[in-house]
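Peer 1: The structure is given below, and queries will be raised subsequently.
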Amino acid sequence: MDALIVKGPAKLNGSVQISGSKNTALPLIFTSLLFDKEIHFNNVPRLWDIETALKILSIMGTESEWKKEEGLLTIFPKVTSKVAPYEWVKRMRASVLALGPLIARFGEAKVSLPGGCAIGARPVNYHIDALRLFGVDVKVEEGYIKAQVRSRLTGAHVIFPEVTVTGTENILIVASQAEGHTRIENAASEPEVIELGEFLKSCGAKIQGLGTQTIEIVGALLKSPKSQIRIPPDRIEAGTWISASMVTRSPLELLGADASVMKSTLDVFKSMGAKFSISEEKILVNPPSRFNSLDVTTEPYPGFPTDMQAQLLTTLCFAEGKSSVRETIFENRFMHVAELRRLGARIKVIKNQAIVEGPVQLTGAPVMATDLRASASLVVAALGSEGKTTISRIYHLDRGYQRLDSKLTALGVKVTRVSE
Ligand code: EPZ
0 MDALIVKGPA KLNGSVQISG SKNTALPLIF TSLLFDKEIH FNNVPRLWDI
50 ETALKILSIM GTESEWKKEE GLLTIFPKVT SKVAPYEWVK RMRASVLALG
100 PLIARFGEAK VSLPGGCAIG ARPVNYHIDA LRLFGVDVKV EEGYIKAQVR
150 SRLTGAHVIF PEVTVTGTEN ILIVASQAEG HTRIENAASE PEVIELGEFL
200 KSCGAKIQGL GTQTIEIVGA LLKSPKSQIR IPPDRIEAGT WISASMVTRS
250 PLELLGADAS VMKSTLDVFK SMGAKFSISE EKILVNPPSR FNSLDVTTEP
300 YPGFPTDMQA QLLTTLCFAE GKSSVRETIF ENRFMHVAEL RRLGARIKVI
350 KNQAIVEGPV QLTGAPVMAT DLRASASLVV AALGSEGKTT ISRIYHLDRG
400 YQRLDSKLTA LGVKVTRVSE
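Residue numbers (numbering that gives the first Met the number 0): 0 to 419.
Here you go:
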């Protein structure tokens, strides 16, 4: 297992290229299973999660060609098995996205239950309950979700009890192939859901209401896409770099960032005193020398993203006064707090709220990554800490950030990757 050793306090000099969005690429890769012709993607990020998705597709018989340096990916969808096995699904919950395309195209699927992860139990009951409304028999046995269309896939009225991003994505895919009309209420409106919906529409799907809480779909025959699909920039990576800019008080240029899908994130940092100049394909961050404290609650889009919660918490350690962050999406997404405390952070967690006292001078220490965004928050904290921080289990970081250490080195940070 790898670890990162970061020497702080650091300054960031220059600009950083934002890579393609993990949470846009993953649903699009699984949706390729709908088609029988090759599909081309560009700006695909080099992430472990993409490796895992392609491995699962290859187990199902679908080959791919991934030119990692150029970010080019071609998928040759051919399905010889409709099974997504536990040994791979357990590594990445997003594998549940194999369900929708397999059911939509073949009427059947056998996908391992993803199991929980560090941030929560993360059940998929909303996916299963919704699929049953389309005339799909779904059994959960021996750790697998076994789905079989009874006679034909028919449109349904789905009301999600809670906003679910991949739940909405799975149902969008199934509904696009079901006979008749589907309405999804309490749908997710995340940009990644919109990107998937727009892709399906470009293939002939009849979808209205993307980006709102109610999406209407009429089933239609889809044609495989002719043109290459470009993966948009990762809004969470861009937000993570804003945290790094704030903590190191370094002006930073985020090349390729799309401010139009980052309003709530930008607003939070603006209220802390950050200034932004936004142009077509980049965001220039100007951090304040002193930060205001504030109270934030994570919410489904367009609210402040839960995937930015850990990075914001780290930033608030440097703010003047008391701040609070309420996590409303996942039940256990404060694993980074114990590690931040090892660096000297003054944070206490009461139920789903973290209270932060600042400003504190953090000092480097050995810490351990527990999940993807927690590991990013520890890197940000290390940049603002006095001395050396060693962050172990950095594979969590590599799941969702393309070579963050190389990007940091290019910005002048003293960071080395070592194997433990
Ligand atoms: C997606 O996960 C993202 N992953 C997550 O990003 C993100 O944190 C999450 O949405 C929330 O924005 C991808 O898009 C690949 P949910 P997802 O279904 O779809 C509960 C990252 O860091 N729930 O929106 O799995 C669930 O437990 C990752 O890139 C059920 O109870 O999340 C959670 O409390 C982490 N039953 C809430 O709903 C269900 O059937 C929202 O989960 C489904 C969800």
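Built from N, CA and C at the ideal position, the CB exists for glycine as well.
Because the structure is a prediction, the values reported are computed rather than measured.
Jot down the residue ranges of each uninterrupted beta strand (DSSP E) in the stretch 264–324, minimum 3 residues, whole runs only, in chain order.
Peer 2: 274–278, 281–285, 294–296
Peer 1: For S185, name the three-state secondary structure that DSSP assigns.
Peer 2: Counting from one through the sequence shown, the residue named residue 185 turns up at place 186. The sequence as given places Asn at residue 185; Ser does not occur at that position. Residue state, collapsed to three classes: coil.
Peer 1: Since V348 and F333 are thought to touch, with beta carbons under 8 Å apart, how far apart are those beta carbons, to the nearest angstrom?
Peer 2: Start at 1 with the first residue of the sequence shown, and residue 348 comes out as number 349. Start at 1 with the first residue of the sequence shown, and residue 333 comes out as number 334. 5 Å between Cβ atoms; contact.
Peer 1: According to DSSP, is Q352 part of a helix, a strand, or is it coil?
Peer 2: Walking along the sequence shown from the start, residue 352 turns up at place 353. Of the three classes helix, strand and coil, the one that applies to Q352 here is strand, per DSSP.
Peer 1: With 16 as the cutoff for other CB atoms within 10 Å, does D397 come out buried or exposed?
Peer 2: Counting from one through the sequence shown, the residue named residue 397 turns up at place 398. Classification of D397: buried, given that the 10 Å Cβ count is 16 or more.
Peer 1: Is Q176 helix, strand or coil by DSSP?
Peer 2: Taking the first residue of the sequence shown as 1, we reach residue 176 at position 177. Assigned with DSSP and collapsed to three states, Q176 falls in helix.
Peer 1: Beta carbon of R392: closer than 8 Å to some heavy atom of the ligand EPZ?
Peer 2: For the purposes of this step, residue 392 is taken as the residue at position 393 of the sequence shown. False, no ligand heavy atom lies under 8 Å from that Cβ.
Peer 1: Please report the straight-line C-alpha distance between E437 and A2, rounded to a whole angstrom.
Peer 2: In the structure as shown, the chain starts at 0 and stops at 419, and residue 437 therefore has no counterpart that could be examined.
Peer 1: How many angstroms separate the CA atom of M261 from the CA atom of D370?
Peer 2: By one-based count along the sequence shown, residue 261 stands at place 262. By one-based count along the sequence shown, residue 370 stands at place 371. Cα to Cα, M261 sits roughly 22 Å from D370.
Peer 1: Measuring CA to CA, which of A97, P76, M91, G70 is closest to V82?
Peer 2: Here residue 82 corresponds to residue number 83 of the sequence shown, with the count starting at 1. Checking every option, the nearest Cα to that of V82 belongs to A97.
Peer 1: Which whole-angstrom value is the C-beta distance of P76 and D35, which I expect to be below 8 Å?
Peer 2: Numbered from its first residue, the sequence shown carries residue 76 at position 77. Numbered from its first residue, the sequence shown carries residue 35 at position 36. Taking a contact as a CB-CB distance under 8 Å, the pair P76 and D35 counts as one, their CB atoms being some 6 Å apart.
Peer 1: Taking the Cβ atom as the reference point for each residue, do N42 and S63 lie within a distance shorter than 9 Å?
Peer 2: Position 43 of the sequence shown, counting from 1, holds the residue named residue 42. Position 64 of the sequence shown, counting from 1, holds the residue named residue 63. Result no, Cβ atoms of N42 and S63 do not sit closer than 9 Å.
Peer 1: Reducing DSSP to helix, strand and coil, say where P232 ends up.
Peer 2: Here residue 232 corresponds to residue number 233 of the sequence shown, with the count starting at 1. Strand.
Peer 1: Mapping the DSSP letters down to three states, classify S242 as helix, strand or coil.
Peer 2: Reading the sequence shown from its first residue, position 243 is the one you call residue 242. The answer is helix: DSSP assigns S242 an H, G or I state.
Peer 1: Which value, in whole angstroms, describes the spacing of the CA atoms of G320 and N22?
Peer 2: Locating residue 320 in the sequence shown gives position 321, where the first residue counts as 1. Locating residue 22 in the sequence shown gives position 23, where the first residue counts as 1. Between G320 and N22, the C-alpha separation is close to 34 Å.
Peer 1: Starting from M91, follow its DSSP beta bridges and name the residues at the other end.
Peer 2: Here the question's residue 91 lines up with position 92 in the sequence shown. According to DSSP, which records beta bridges pairwise, M91 is partnered with nothing at all.
Peer 1: With distances taken between CB atoms, is the gap from I193 to L209 smaller than 9 Å?
Peer 2: By one-based count along the sequence shown, residue 193 stands at place 194. By one-based count along the sequence shown, residue 209 stands at place 210. In contact: I193 and L209 (Cβ atoms closer than 9 Å).
Peer 1: Following the continuous beta strand (DSSP E) through N41, name the residue where it begins and the one where it ends.
Peer 2: Taking the first residue of the sequence shown as position 1, residue 41 is located at position 42. N41 -> beta strand (DSSP E) spans 38–41.
Peer 1: Who are the Cβ neighbours of A256 in its own chain at under 7 Å, not counting the five residues just before and after it?
Peer 2: For this step, residue 256 is matched to residue 257 along the sequence shown. Cβ within range, chain order: I17, P232, A237, K281, I282.
Peer 1: If you follow the alpha helix (DSSP H) that T23 is part of, which residue opens it and which one closes it?
Peer 2: Here residue 23 refers to the residue found at position 24 when the sequence shown is read from its first residue. Taken as a continuous stretch (DSSP letters only), the alpha helix (DSSP H) holding T23 covers 21–30.
Peer 1: Whole angstroms are fine: how far does the CA of S14 sit from the CA of L101?
Peer 2: The residue you call residue 101 lines up with position 102 of the sequence shown. The residue you call residue 14 lines up with position 15 of the sequence shown. Rounded to the nearest whole angstrom, the CA to CA distance from L101 to S14 is 41 Å.
Peer 1: Ends of the alpha helix (DSSP H) at A381?
Peer 2: Here residue 381 corresponds to residue number 382 of the sequence shown, with the count starting at 1. 371–382 is the extent of the alpha helix (DSSP H) around A381.
Peer 1: For L171 and S288, what's the separation of their Cα atoms in angstroms?
Peer 2: Taking the sequence shown and counting its residues from 1, one reaches residue 171 at position 172. Taking the sequence shown and counting its residues from 1, one reaches residue 288 at position 289. As the crow flies, the alpha-carbon of L171 is around 45 Å from that of S288.
Peer 1: Locate the beta strand (DSSP E) running through E252, then write down its first and last residues.
Peer 2: The residue you call residue 252 lines up with position 253 of the sequence shown. Element bounds for E252: 251–254.
Peer 1: Quick one: Cα of D306 to Cα of R402, how far?
Peer 2: Translated into the one-based positions of the sequence shown, residue 306 becomes position 307. Translated into the one-based positions of the sequence shown, residue 402 becomes position 403. Cα to Cα, D306 sits roughly 18 Å from R402.
Peer 1: Just mark S31 as buried or exposed, buried being the case when its beta carbon has 16 or more other beta carbons within 10 Å.
Peer 2: The residue given as residue 31 occupies position 32 in the sequence shown. It counts as buried.
Peer 1: Do A258 and L382 have their CB atoms nearer than 9 Å?
Peer 2: For the purposes of this step, residue 258 is taken as the residue at position 259 of the sequence shown. For the purposes of this step, residue 382 is taken as the residue at position 383 of the sequence shown. No, they are not a contact pair.
Peer 1: Does the count of Cβ pairs from the stretch 203–218 and the stretch 169–187 closer than 8 Å reach three?
Peer 2: yes
Peer 1: Which same chain residues, not among the five before or five after L152, have their C-beta less than 8 Å away from its C-beta?
Peer 2: What you label residue 152 is simply residue 153 of the sequence shown in a count that begins at 1. Cβ neighbours of L152 beyond the five flanking positions: I102, A103, G106, F133, G134, V135, V173, Q176, A177, E178, G218.
Peer 1: Please find out if some non-hydrogen atom of the ligand EPZ comes closer than 8 Å to the beta-carbon of A93.
Peer 2: Taking the sequence shown and counting its residues from 1, one reaches residue 93 at position 94. Answer for A93: yes, Cβ within range of the ligand EPZ.
Peer 1: Cβ atoms of V366 and V324: under 9 Å apart, would you say?
Peer 2: What you label residue 324 is simply residue 325 of the sequence shown in a count that begins at 1. What you label residue 366 is simply residue 367 of the sequence shown in a count that begins at 1. Not in contact: V324 and V366 (Cβ atoms no closer than 9 Å).
Peer 1: Tell me, please, whether the CB atom of Q147 is closer than 9 Å to any CB atom in chain D?
Peer 2: Protein chains in the displayed structure number just one, and chain D is not present.
Peer 1: Who are the Cβ neighbours of G154 in its own chain at under 7 Å, not counting the five residues just before and after it?
Peer 2: Translated into positions along the sequence shown, residue 154 becomes position 155. So the qualifying residues of the chain are A174, A177, E178, G179, H180, T181, G218.
Peer 1: Taking 8 Å as the line, does the beta carbon of R289 fall inside it for any heavy atom of the ligand EPZ?
Peer 2: Numbered from its first residue, the sequence shown carries residue 289 at position 290. It does not: the Cβ of R289 is nowhere closer than 8 Å to a heavy atom of the ligand EPZ.
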